[in-house]
Every structure is written in C-alpha cells, then in structure tokens.
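Everything in the sequence shown is counted per numbering that gives the first Met the number 0, starting at 0 for the first residue and increasing by one. In what follows, a structure is listed as structure tokens, so that the remarks can point back to it.
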Amino acid sequence: MSNVIIRPDWQLPDSRITPERAYRDRRRFLREMGFAGGGLLTATLAERAALAAEAKGLYPAKRNIAYSPADLQTSKERAFTTYNNYYEFSTDKEAVVDRVDKFVIAPWPVKIHGLCEKPFTADAQELAAEFGVEERVYRFRCVEAWSAVVPWTGFELRKLLEKVQPKPEAKFVKFVTAFRPEQMPGVTRLRGYPWPYTEGLRIEEAMHPLTLMATGVYGKALPKQNGAPIRVVVPWKYGYKSGKSLVSIELVAEQPKTLWETLSPEEYPFESNVNPAVPHPRWSQASERQVDTGDRIRTLPLNGYAVQVGSLYKK
Ligand code: MTE
C-alpha cells in the first residue's frame, strides 16, 4: 500500500490541473492586460482574466447548420460592417466605423437582474466562455428597408435567462445599452433623445431559441460599430430591436419604454415584427435593398422565420 498516493483535500485531481502551456499563455495574457507583477492580483481577478484569455480562442466558432439555411448567402463582410446604425456615434451610417476609436469595450460587466431568483453580473467575455458560442447565419432586416445575411457568433439568450431563474411575474425583458457621452461623439448632437438606448421583448420572445446574444460576427469578435462586446439579435424583428453594447438585461413585469417607441410610437411600435404587408408611415416595407449587392428583393413575413416563430403571434 505504500505507493498509493493519498491526496489532501486541497489538491486538485490531475485532470483539473492546467497544462503548462495554457498556464504560460494565461500569464502572457495577464501581462498584456497589465495585470501581472506586484502580487496585487486576486484569485478571482486572475480567474476572470484567464476566462477572457480563453474567450480569445472562441472565434471562428463552429456553424450550427440547423440555424443556418444552406440557401442563404452571407453578405460581404466589409459592406455589412461599415454601414451601421449606431446613433450614439453618428447618424451617418458610413461614418460610424470612423468614430468608435475612443469606445472602451473591456472590461465589460453585464448585469442580469430584476424579477429573478439568481441575479448576477459577469463580463461579456466570461458569458461567451461560460455558455459557449456557435455561428448562425441569419437574415437581418432594418426598418429602413435595407437588409443583409449575417454570420453571427453567440449563444441563446434563453441560456442566460434560465441561469437567473425568472420569477413568474417576469413578463418582459428590458435591454439597456451603454451610454458614455465622453466616448460616444454622436450623442451631443442628439441631446433630446431619451438615452440610454433601451429595447425590450416579451419573455416568450426572449426565450425563443432564435434570439441570440451575439459576441462575434464573420468569425471574429464583434467590431465596435456592430455592438461590441455583446448585443442581442432578434432576426424576425426590425433591426432596431437588436440593441448593441448591452450593459443590463432586466426581467420586468410591465412592457418597458423603448427609445424608439418613446420618440415615435406610430413608426416604431414595441412589437416591430418584420411585415411586408404593413407599410411604415413614410415608406413601403414590401421589399428591401441588399446592403452589399444593392439588389432589391421581396421582404418575407417575419423576415422568413414564420415557421419558427409564427406560433408566438397566434391570436
Ligand atoms: N443599438 C444602439 N445602442 N444604438 C443604435 O443606434 N441601432 C439599431 C440596432 N441597435 C442602434 C442599436 C438599428 S436601427 C439597427 S438597424 C441595428 O442596430 C444595426 O445594426 P448593425 O449596425 O450591426 O447593422
């Protein structure tokens, strides 16, 4: 019996011991992040930074073909990532990409709270690492009648909501996005807007497997102009429901006031499902212009996701 090794309680099994190479990579990452040295690093911070380091290896993620129809051809990356609606930076879609330099996207705590049993706050990178990410090719339709086919990387919002355990009185999910006037040059020109940009979904919509928390696009981490480090994507609704750079996800009992609904309820109502039969008060929604080719194509009811989500809207 003398060669049986009895492990003290505090000793980790071999399977839990980090391989030396991964450990060295983490140390290098911590140095790069400016954390190393000085012995000031707490275990929790170190662990968080290590998770973030691991998140670096998340892209490109494996494509989930069940959510990526084979007949959808993705729009050209440059065309989609340089034509943005992100009013906190600019109302000129082609200028947003040049105004995001000062926007700091790490660390990025996201609060998941409200009417739930287990609220928590975690960094966007930690969430991606914890839930694991996959690629999905979705149609994306803006209310302004342009569209794209986008390979998002992310995880289902439903996983996050299940973790916090919503209370029965939680009927809606409210999304609040970052508001930092010193880093966002567009907001000074839009002082009268009811910032921060806020959006919302019914809880059944938020729990639908198509509703994605995106942390990447085109096989890379999200660029700032597309909502880094984390945004929601709701592919059967007009694009303004897909809030960028989220800082808070709150379970609430009442339908939340959204920025666009507050500004113009007839034009931007809360539900905002893509519907070619219902024109916007100022233009038709029957067709859409593809952002990369410029071709005009027919708009589909629920943006082509009627089979998946139609039952949510049966009267
Ligand atoms: N989120 C914030 N915080 N600010 C915005 O201006 N614009 C919305 C949505 N999310 C917006 C936002 C609109 S109108 C659209 S169409 C999409 O983001 C555009 O996303 P994209 O730039 O990645 O195409």
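Glycine residues also receive a C-beta, built at the ideal position from the N, C-alpha and C atoms.
Sub-7 Å separation of residue i and residue j beta-carbons
i	j	result
Glu198	Gly226	no
Ala205	Val172	yes
Phe102	Lys223	yes
Ser310	Arg297	no
Ser74	Asp291	yes
Tyr239	Val96	no
Glu134	Pro150	yes
Thr120	Pro106	no
Glu76	Tyr217	yes
Gln289	Ser146	yes
Val231	Phe174	yes
Leu245	Thr176	yes
Met212	Leu156	yes
Helix, strand or coil at residue i [DSSP, three-state]
i	result
Lys61	coil
Tyr137	strand
Tyr312	helix
Ile229	coil
Trp145	strand
Phe79	helix
Lys243	coil
Asn272	strand
Tyr85	strand
Arg27	Because Arg27 sits at a pLDDT of 44, beneath the cut-off of 50, its placement in the model cannot be relied upon, and the following sentence gives the value as read from the coordinates. Arg27: helix per DSSP, three-state reduction.
Pro234	coil
Glu248	Note that residue 248 corresponds to Ile in the displayed sequence, not to Glu. Three-state result, Ile248: strand.
Ala220	strand
Thr292	coil
Ala305	helix
Pro300	helix
Gly185	coil
6 Å CB neighbourhood of residue i in its chain, flanking five on each side removed
i	result
Lys315	With the chain covering 0 to 314 only, the question about residue 315 has no answer from this structure.
Gly113	Glu249, Leu250, Val251
Ala60	Val132, Glu133, Glu134, Thr152
Lys158	Phe130
Pro180	Val186
Lys170	Ile202, Ala252
Ser271	Lys236, Tyr237, Lys240
Of the listed residues the options, nearest to residue i (C-alpha basis)
i	options	result
Pro228	Ala127, Asp70, Arg135	Ala127
Leu160	Tyr237, Arg201, Ala213, Ile111	Ile111
Met166	Gln307, Gln182, Ala213, Glu116	One point to set straight first is that residue 166 is Lys, not Met, in the sequence displayed. If we check each option's Cα against that of Lys166, Glu116 comes out closest.
Glu125	Ser89, Arg62, Ala169, Gly56	Gly56
Leu200	Pro275, Asn274, Lys256	Lys256
Tyr312	Val273, Arg281, His279, Gln289	Val273
Ala144	Leu299, Pro264, Tyr85, Asp122	Leu299
Gln307	His207, Tyr85, Thr176, Asn83	His207
Asp91	Pro184, Leu245, Ser247	Pro184
Arg62	Tyr267, Phe154, Ala123, Tyr85	Phe154
Gln182	Pro280, Ala65, Ser89	Ser89
Ile104	Arg190, Gln284, Ser263, Thr214	Thr214
Ser247	Pro118, Asn84, Arg190, Tyr192	Pro118
Neighbourhood of residue i by C-beta distance below 8 Å, restricted to the same chain and skipping five residues each side
i	result
Phe178	Glu87, Val186, Trp194, Pro195, Tyr196
Glu168	Leu114, Ala252
Phe269	Gly199, Gln254, Thr257, Glu260
Val277	Gln284
Close-in-space but distant-in-sequence residues of the same chain around residue i (CB under 7 Å, 5 per side omitted)
i	result
Pro234	Tyr137, Arg138, Phe139, Leu209, Asn302, Tyr304
Gln72	Val148
Thr327	The first residue shown for the chain is 0 and the last is 314, placing residue 327 beyond what the model contains.
Lys314	none
Glu266	His279, Pro280
Leu189	Tyr86
Check: residue i C-beta below 6 Å from any heavy atom of the ligand MN
i	result
Asn84	Ligands in the displayed structure: the ligand MTE; the ligand MN is not one of them.
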